[in-house]
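First comes the structure, then the notes that go with it.
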Amino acid sequence: MLVDEIVDAHVLVIGSGGAGMRAAIEASRYGSVILASKTIAGKGGCTTMAEGGFNAVLRDQDSVVTHREDTLSGGAYLNDPALVDVLVSEAPDRLRDLVRWGAVFDVTDDREVAQRPFGGQRFPRTCYAGDRTGHEIVMTLLDGLDATDTQIYNEVTVIDLVRDENGAVAGAIALDRDGGVVLFRSDATVLATGGGTQIYDVSTNSAAGTGDGFAMAYRAGAELIDMEMIQFHPTGAVYPYDARGRLVTEAVRGEGGILLNAQQERFMKRYDPERMELSTRDVVARSIATEVLEGRGTRHGGVYLDVTHLPAERIETRLPVMLEQFLAFGVDIRKEPMEVAPTAHHIMGGLRITPECRTTIPGLFACGEVTGGVHGANRLGGNALADTQVFGKRAGEFAGKSPERKGRIDEAWVEGELRLLDDFFEGVMSPAAVRKDLKLTMWNQAGIFRNSMDLATALTHVRRLSDRRLFAASTANIPECCTVRNMCTTASLIVRCALLRPENRGAHVRRDPETTTWDPEKSPFGHTYISLVREGIEQREVTA
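Here the sequence shown stands for residues 106 to 649, where the numbers follow the working numbering.
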């Protein structure tokens, strides 16, 4: 294969979700910007699907100190405190940016932005637009993007980062919808590719959530942290079958929804009697999974989430998407409960970044779900949308301020990458078959509850799948082969890091007899880390 098009820009942003679009808007203040989207900007990724809300301190009764404490506690103190400080202190201003740009949030009678309670928070600080908050934010960002000179490339699959002769990231190589090769060259590159829980059989992520950014960054030499920390959202639909995993927003519980098992017991009193349904997501997910595993689940393998005690008008105005979604399934949530179960939702780990969104490789910045450190071992609902805007702005700003790159692109590397693409024509294995096998392996052996034997078996199998020679019948099939290769790499990173952490913490629960459960503040372990040159787990001194 040959390069069909070469495009230059000061900043290349890879990913068109909330973080990517915010980064592009900010970077455009400093020079030319290219936004490369695997889907169509504004229509793919998870931000537009996000229903719950945006956490920001807006009331005098609340404080950034409290938001910080809630975030660290919810994250089992594995968060990077410096990143948390940035998140909680800048989230209010980023929310005001959105409002100033035209975003329409729900308001109180006093015409202040309304806030609802979410799990693990001591104050109702989650700002919302009904249960379509992410969609409202994305539409606002699209308008802001249209006002810039950003050049948008839709439906291009970025397959790898490109480095120059000095080792700095200098852009990326991509395939357009027709299989043509595009070489993007830039002074700075922002990775905003989102999450990757499509590697699990049941997931809330869009089809684009295949972990491409984690895999590409790893191959380029970046260091990633805490990849074992996978959040299983407590409430995904379980019925009908083709709706499995579809997100049932935490806003349902925030508005007063209660969880019941098949015996009609409000079972959260056994697991967190103080916070009940508004406990943190890791606790609620494990509680539901335990109820099902111990035989108290529904016939479809879930539990009931009930809002029938709420006024119908409140459901219609505060939860319109949920109402519409379940009516399509033949369930009127005003009159009967939903059936829900945990579903793979969010990867808390990712690229190690500084508060300026710099990664461990020169020239590469990152923001959003592809990064680690902000959310620790468990993310609070409402913090992800805030994350996209706080760190999206920072990534765009610091990438935009980058100097002109001096080194030449490593042409030998580009030629080698093109030869690898040609190899897909000589493959033997259907990428769809590998994808299906991988998703079942991760769901069954690296899910909510883990043990060393299952993890070791999963790693062996993932490595075997990674070695399969994927087959592309035409150039149009090469992006799928690249995506499945990335899924295998991301799965391997998750399992390897899960084997590295010998403790129960946040979303990582091992059932090995020798596994220790520490008070999170007193755990002797810090981040797991993994790169091409090293992997391990940080040890830290803990004072009594």
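For glycine and all other residues, C-beta sits at the position ideal for the given N, C-alpha and C.
Of the residues the options, the one placed nearest residue i, counting alpha carbons only
i: K544; options: G301, V108, L183 and V495; result: G301
i: G179; options: F159, I139, K143 and Q226; result: Q226
i: D527; options: T546, C587 and A471; result: C587
i: D269; options: A327, E516, L107 and Q336; result: E516
i: K541; options: H566, V519, G318 and V436; result: H566
i: N556; options: E608, H480, G477 and R391; result: E608
i: L598; options: V204, R324, D109 and P416; result: R324
i: V589; options: D317, D190 and S308; result: D317
i: Y305; options: R639, N549, E640 and L570; result: N549
i: A54; options: M334, F630 and D437; result: The structure shown does not extend to residue 54, since the chain spans only 106 to 649, so no value can be given for it.
i: V116; options: R201, Q256 and F228; result: Q256
i: D185; options: H613, G481 and T620; result: G481
i: P629; options: P618, E619, I642 and I635; result: I642
i: G299; options: V307, D283 and A322; result: A322
i: G407; options: T395, T413 and R639; result: T395
i: Q369; options: E429, M443, I335 and R386; result: M443
i: M453; options: C602, G158, T144 and V108; result: C602
i: G487; options: W206, T144 and P229; result: P229
i: T385; options: K440, G149 and L177; result: L177
i: T580; options: W623, D572 and L525; result: L525
i: L200; options: R423, L246 and D377; result: L246
i: V475; options: G120, P467 and M373; result: G120
i: F493; options: M126, L107 and V108; result: Reading off the sequence shown, one finds Thr at residue 493, where the question assumed Phe. Selected option, being the one with the closest Cα: M126.
i: G478; options: T213, F289 and L188; result: L188
i: A449; options: V343, L424, V519 and R423; result: V343
DSSP beta-bridge partners of residue i
i: M373; result: M373 pairs with nothing; no bridge assigned.
i: L598; result: According to DSSP, which records beta bridges pairwise, L598 is partnered with nothing at all.
i: H451; result: Q336
i: D411; result: I363
i: I458; result: None; I458 has no bridge partner.
i: Y233; result: Answer by DSSP bridge pairing: none, since Y233 is not bridged.
i: R380; result: DSSP lists no partner for R380.
i: G400; result: The partner list for G400 (beta bridge, DSSP) is empty, contrary to what the question assumes.
i: H405; result: Paired residue(s): none; H405 is not in a bridge.
i: R341; result: The identity of residue 341 in the sequence shown is Gly, whereas the question assumes Arg. DSSP output for G341 lists L352 and A446 as bridge partner(s).
i: A471; result: L296
i: R463; result: F470
i: E640; result: I635
Integer Cβ distance of residue i from residue j, believed to fall under 8 Å
i: T231; j: Q220; result: 6 Å
i: R499; j: E461; result: 6 Å
i: I139; j: E522; result: So it is not a contact: roughly 19 Å between Cβ atoms.
i: R616; j: F554; result: 6 Å
i: I130; j: L250; result: 6 Å
i: A320; j: N591; result: 4 Å
i: R367; j: G402; result: One point to set straight first is that residue 367 is Ala, not Arg, in the sequence displayed. Sure, about 6 Å apart at Cβ, within 8 Å.
i: T464; j: A327; result: 5 Å
i: C593; j: A124; result: That belief does not hold up - the Cβ atoms of C593 and A124 are roughly 25 Å apart, past 8 Å.
i: V147; j: L490; result: With the sequence shown as reference, residue 147 is identified as Gly, and Val is not the correct amino acid for it. The pair is not a contact, with the Cβ atoms about 15 Å apart (cut-off 8 Å).
i: L415; j: E502; result: No, L415 and E502 are not in contact; Cβ-Cβ is about 43 Å, not under 8 Å.
i: S291; j: A114; result: 5 Å
i: G350; j: L410; result: Rounded, the Cβ-Cβ distance is 15 Å, inconsistent with contact.
i: R574; j: G532; result: 4 Å
i: V412; j: V357; result: 6 Å
i: V118; j: A297; result: 6 Å
Cβ neighbours of residue i in the same chain (closer than 7 Å, five flanking residues each side left out)
i: K506; result: Y135
i: T595; result: G301, I304, G316, F319 and A320
i: I391; result: Here the sequence assigns Arg to residue 391, which means Ile is not the residue at that position. Cβ neighbours of R391 beyond the five flanking positions: I553 and V614.
i: P447; result: F337, H338, P339, G341, A390, I393, A394 and I553
i: G611; result: G180, A181, L183, M334, D387, G481, A482 and N483
i: E355; result: G157, F223, G224 and G486
Nonlocal neighbours in the same chain, by C-beta distance under 6 Å from residue i, ignoring five residues either side
i: F210; result: V218, C232 and A234
i: L604; result: L560
i: V193; result: V169, H172 and R173
i: L511; result: It is Lys, not Leu, that sits at residue 511 in the sequence shown. If we look at K511 and ignore the five residues flanking it on each side, it has no Cβ neighbours.
i: Q303; result: N310, G314 and T315
i: E585; result: P536
i: E110; result: V287
i: R282; result: E260
i: M547; result: I304, Y305 and A596
i: M244; result: none
i: K143; result: T262 and A313
i: E509; result: D292
Residue-chain proximity (residue i, chain D), Cβ-Cβ < 7 Å
i: G481; result: Absent from the structure: chain D. Only one protein chain is present.
Near the ligand PLP: residue i beta-carbon under 6 Å from a heavy atom
i: L329; result: The model depicted lacks the ligand PLP and carries no ligand whatsoever.
Mind pulling the beta strand (DSSP E) runs of 3 or more residues that sit fully within the segment 134–200? 138–141
What ranges does the beta strand (DSSP E) occupy inside the segment 485–517, keeping only unbroken runs of at least 3 residues that lie completely in it? Whole beta strand (DSSP E) segments, 3+ residues: zero.
Along the chain, which unbroken stretches of the beta strand (DSSP E) at least 3 residues long are found entirely within the segment 226–311? If you keep only unbroken beta strand (DSSP E) runs of at least 3 residues inside the segment 226–311, you get 256–258, 262–268, 274–280 and 286–296.
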